[in-house]
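All remarks here apply to the structure that follows.
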Amino acid sequence: MPDIAKLDADGMLLAVETVTVDQHRTDPQAGTVALPDGHDMRQRLKGYRWDFRRHCFLPLTTEPIDVAERDTPDLVEALVQAIEHLEQALNVPLPKRSQRALRSYRRIVPRRTDGDEIKASGDTE
Numbered sequence: 167m168p169d170i171a172k173l174d175a176d177g178m179l180l181a182v183e184t185v186t187v188d189q190h191r192t193d194p195q196a197g198t199v200a201l202p203d204g205h206d207m208r209q210r211l212k213g214y215r216w217d218f219r220r221h222c223f224l225p226l227t228t229e230p231i232d233v234a235e236r237d238t239p240d241l242v243e244a245l246v247q248a249i250e251h252l253e254q255a256l257n258v259p260l261p262k263r264s265q266r267a268l269r270s271y272r273r274i275v276p277r278r279t280d281g282d283e284i285k286a287s288g289d290t291e
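Residue numbering for the sequence shown is 167 to 291, as defined by this note's numbering.
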């Protein structure tokens, strides 16, 4: 018989229950997720959260990063710009791995101009 994951209001995995085939479905309102055969979620109780947008479980250890990116959408762009600025201002070459990562990021996200920046209330710059 199939299993479902029972979630709390924040999507944290609380329990795994065996259900009938008719009950084996994902229901955000009921806080349940249909689990595939061979899952190992019983070993991961209270350690994972279901992400309904991505349709997968995420370890809670990544939550601070997800929250930071959600609450400060310009965080990654600001960090990349800071690294690029320091590299140019100090004329210090970055490690090859960092160079590859930044080039890859810039292929997807072009550099913003000052006019493109979004300022939050209270910003002084």
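For each residue, glycine too, the CB sits at the ideal point set by N, CA and C.
For valine 187, there is no enclosing beta strand (DSSP E), since its DSSP letter is neither H nor E. Partner residues in the beta bridge of arginine 215, as assigned by DSSP, are Met178, Leu224. Classified as buried, isoleucine 170 has 16 or more neighbouring CB atoms from the shown chains inside 10 Å of its CB. Straight across, the Cα-Cα distance linking histidine 251 with lysine 212 is about 41 Å. DSSP, read as helix, strand or coil, puts alanine 196 in coil. Arginine 210 places its beta carbon 7 Å or farther from that of leucine 224. Judged by beta-carbon spacing, proline 194 lies within the 7 Å limit of phenylalanine 218, meaning their Cβ atoms are closer than that value.
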